[in-house]
Every structure is written in structure tokens, then in C-alpha cells.
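Comments concern the structure below.
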Amino acid sequence: MQVQATAAHIRAKQRAVGLRHAIVICGFVFAASALLVVQLFLTGDAHIPANNVIPAALGQSDGLADYVVRRTNLPRALGALLGGALFGLSGALAQRLFGNPLATPDIIGISSGAGAGAMIVIAGFGATGIGVQAGALAGALVVALVVYALSWSGGVQSYRLILIGIGVGACASAIVTFIVTRLDEVSTQRAMRWLIGSLNGADARAAALLTVALGVGLVLVLLIRRALSDLALGDELAAGLGIRVSAVRFAALLLATLLAALVTSVTGPIAFVALVAGPIATRALRVPDAPIVAALVGAVLLCATDIAAQTLPLISPVPTGAITALFGAPVLIALLVRRKASV
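Per my numbering, the sequence shown starts with residue 85, numbered consecutively.
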């Protein structure tokens, strides 16, 4: 009887956990969908009737409504949704890999490297579009490899990696500053807007790229999720379980870098979304690893901050990255204080 009661209690607890997870996921999906619709209605000074917005988004309109809604607002909204999801996924992956909530691409210099790579190809070769994205990818990969190599000392300690990443990121930022001071006035304004982080450059091609990246990224993260859970037990124990520790760590870092670099090449280095999405997801689900929910949280955060950037009274419009920094900086301080208190 006692065994049966225990089994029934376990099943009831599992059902409760499953229900909570379903509610959390559905809640974030609903929030992301609602914010996506809200962004479609942000027509600015165009004065498009509200009843024309949805038909225009579905391609059932023409003229001004088609241009503003389907060719401008919809790609921007999808860019915020998909870009936020990629930021959240890459941040959660890096945090799980190194076991530290501060070990995200924007903190350890990867986003700065992407920005430096993009600025180099813009200033040196006049690149646009795919060229800028290739430069951002190359810059992020170079920084990630340098940080990982300098952090290696019989293994990678998270705080060592974070400190080295901050230093390498500062070097990348210095390169960006040097390049920007050599640009003409128009190019400087465009570069600074991109470097702060903005969704103005999102278009249908960028939305398609982010869709593919998110789909592939989710599949790969789910494939290595179990190996990352084993790594959390310690390198020696993970190796005893048959995990190729160095290979898994490098593959996970490479994946997080590519995901962050791809979205950065479209939106610019928008800060703090990758940092806060993972902790919010793990708190909501009460589990140490929640990559899918982290992606949903990132999507909601970037959509919400982009709407705020376009609608806040007195200051709008402003680059989206300025709003994420405004709300993300206190979260970073809170994480630092919490880590200090736990030491």
C-alpha cells in the first residue's frame, strides 16, 4: 500500500509539473503572438485603417497598406520574433555549457566580435547585405576561438572565460570605434545605429535566414541537450559516461556563436536579451535547462522592447538596443550581486 501511495504521489507530481510547463509554454506563445499582431498595427504617420492591417499582412491589399504593413512592419515584427528567439536560445546554450548565467555571447565578447567583423567589411569593402553577415560571422568566430583558447588551462573555468571574454570584447569594441572615426558622416550615423542595435534593416530575406537558423538551431540544441546535462555533473563523470567532453564543449560553443552571430548580422549587437532569457525560462519552469522556453522568452522580450522603442512618448523612435540596455543593465547588476552573495 505504501509503495502504491508513493507511486501515485509521483505520478500526481509529474502531472502537475507537466501542466505547469504546458501553461508556461502556452503563455509565452500567446504573448509572442499578441506582440507580433501589435507590431503590425504600428503604422506610424501612414494612418492606415485598422481593418486594413490584417488583410494587408496576408497580401490581400495593395498600395500604401501593402507597403507599410507587409513590406515594412511584417518583416520587422518577424525579425524581432525570430531574432529574440535566437538570442534567447544562444544565451541559454552558453549559460548551460559553462554553468554560469553571465556566460552569454553579449557578455563574453562574441557580439562585439560580430560587430567588429561587420564594421571591417563595411569600411574596407563597402559590403552590404550578405557581405555584412559574412563579416559578422567571421568576427564572432574569431573572437569565440580566441576567448576559448585563452581560457583553456586543462579545462575552461566559467569566470576565467567571462573575464577574458570581456577583455577580448573590449578590444573588438576598440576596433569598431577606430573604424567609425574614419567613416564619413552619413556612414557613421548608419554604423552607429546598427551598432546600438536596430530592427530597421529587417526584410523578407533576413526573416527567411533567421527562420532557417532558428529551426536548425533548435534541432541541434535538442540533440546535444543530454550531453550538456552530463557535462553539468563534472568533466570526469561525464567522460566516464562516454561523453567526449572537449568535442561537446567546442561544438556547443560553436553553435552558440553561430546563432548569436547570425542574428547580430541582421539586428546589430542588441544587448541583454541573451542574458535574461535563460534565467527567466529556468525560473518559470523551475528546471536548470529550458532552451525552447528561453527562445520563447527572448522572442517576447525583443518584440516588447521593439514596440517600446517605436511608441514610448517623448523619446521614440529610438534604436531597439537602447531600450534593451535600459532594462537589461539592472538585471546584469542583480545577477552579479546574487553571484557575489552565493560565493
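Glycine included, each C-beta is placed from N, C-alpha and C at the ideal position.
In angstroms, rounded to a whole number, what distance separates the CA positions of V360 and D190?
Residue mapping note: residue 360 aligns to position 276 of the sequence shown, counting from 1. Residue mapping note: residue 190 aligns to position 106 of the sequence shown, counting from 1. Cα to Cα, the separation comes out at about 11 Å.
Using C-beta distances below 8 Å, list every residue in its chain close to V231, excluding the 5 sequence neighbours before and after it, in chain order.
Residue numbering aside, residue 231 sits at position 147 when the sequence shown is read from its first letter. Cβ within range, chain order: I192, G193, I194, L245, I248, G249, V252.
Going by DSSP, what residues sit across from V332 in a beta bridge?
By 1-based counting over the sequence shown, the position of residue 332 is 248. Note: V332 sits in no beta bridge, so no partner.
When you compare only the Cα positions, how much space is there between L315 and I308?
Counting from one through the sequence shown, the residue named residue 315 turns up at place 231. Counting from one through the sequence shown, the residue named residue 308 turns up at place 224. Roughly 11 Å separates the two Cα atoms.
Got a sec? Which residues, its chain only, sit under 8 Å from I259 by beta carbon, not counting five neighbours each side?
The sequence position of residue 259 within the sequence shown is 175, counting from 1. Only A200, M203, I204 meet the Cβ criterion.
Sorted by chain position, which residues of the same chain lie with C-beta nearer than 6 Å to W236's C-beta, five sequence neighbours on each side aside?
What you label residue 236 is simply residue 152 of the sequence shown in a count that begins at 1. Around W236: no qualifying Cβ.
Measure how close the beta-carbons of T389 and I417 come, nearest whole angstrom, since I'm counting them as under 8 Å.
In the sequence shown, counting from the first residue as 1, residue 389 sits at position 305. In the sequence shown, counting from the first residue as 1, residue 417 sits at position 333. About 18 Å; that fails the 8 Å criterion.
Is the beta carbon of L84 less than 9 Å from the beta carbon of G208?
Given that the chain is displayed from residue 85 to residue 427, the structure contains no residue 84 and the question cannot be resolved.
Classify V296 as helix, strand or coil using the three-state DSSP reduction.
Here residue 296 corresponds to residue number 212 of the sequence shown, with the count starting at 1. It is helical.
Taking DSSP's pairing of strands, which residues face V240 in a bridge?
Start at 1 with the first residue of the sequence shown, and residue 240 comes out as number 156. DSSP lists W236 as partners of V240.
First and last residue of the alpha helix (DSSP H) that includes P159?
Residue 159 sits at position 75 when you count from the first residue of the sequence shown. Counting along the chain, the alpha helix (DSSP H) containing P159 begins and ends at 158–182.
Within its chain, find whatever has a CB closer than 7 Å to the CB of T295; leave out the 5 residues flanking it on each side and keep chain order.
Taking the sequence shown and counting its residues from 1, one reaches residue 295 at position 211. If we look at T295 and ignore the five residues flanking it on each side, its Cβ neighbours are L166.
Give me, in chain order, the residues of the same chain whose beta-carbon lies closer than 7 Å to that of I327; leave out the 5 immediate sequence neighbours on both sides.
By 1-based counting over the sequence shown, the position of residue 327 is 243. A311, D314, L315, listed in sequence order.
Using the three-state DSSP reduction, which class does V371 fall into: helix, strand or coil?
Counting from one through the sequence shown, the residue named residue 371 turns up at place 287. DSSP places V371 in coil when its eight states are reduced to three.
I'd like the span of the alpha helix (DSSP H) that includes T188, first residue to last.
The sequence position of residue 188 within the sequence shown is 104, counting from 1. That residue, T188, is in no alpha helix (DSSP H); it is neither H nor E in DSSP.
Under 6 Å Cβ to Cβ from F356, same chain only, skipping five residues before and after it: list those, please.
Taking the sequence shown and counting its residues from 1, the one referred to as residue 356 is at position 272. Taken in chain order, the residues that qualify are T408, G412.
Mind checking V152: buried by the 16 CB within 10 Å criterion, or exposed?
Along the sequence shown, one-based indexing puts residue 152 at 68. Buried is the call here.
Tell me whether the beta-carbon of T351 lies closer than 9 Å to the beta-carbon of A224.
Mapped onto the sequence shown, residue 351 falls at position 267. Mapped onto the sequence shown, residue 224 falls at position 140. It is not a contact, given that the beta carbons lie outside the stated cut-off.
Could you tell me which of T404, A344, I138 sits nearest to M276, measuring between CA atoms?
Numbered from its first residue, the sequence shown carries residue 276 at position 192. Of the candidates T404, A344, I138, the one whose C-alpha sits nearest the C-alpha of M276 is T404.
Would you mind working out which of Q241, G239, T188, V216 sits nearest A344, comparing C-alpha positions?
By 1-based counting over the sequence shown, the position of residue 344 is 260. Of Q241, G239, T188, V216, the residue nearest in Cα terms is T188.
Buried or exposed for V270, going by 16 or more other Cβ atoms inside 10 Å?
Locating residue 270 in the sequence shown gives position 186, counting from the first residue. The residue in question, V270, is exposed, as its Cβ has fewer than 16 Cβ neighbours within 10 Å.
Buried or exposed: C110, going by 16 or more other Cβ atoms within 10 Å of its Cβ?
Taking the first residue of the sequence shown as position 1, residue 110 is located at position 26. Counting Cβ neighbours within 10 Å, C110 comes out exposed, since fewer than 16 surround it.
Can you tell me which of L338, D146, L119, I280 puts its alpha carbon nearest to the alpha carbon of P353?
Here the question's residue 353 lines up with position 269 in the sequence shown. The option with the nearest alpha carbon to P353 is I280.
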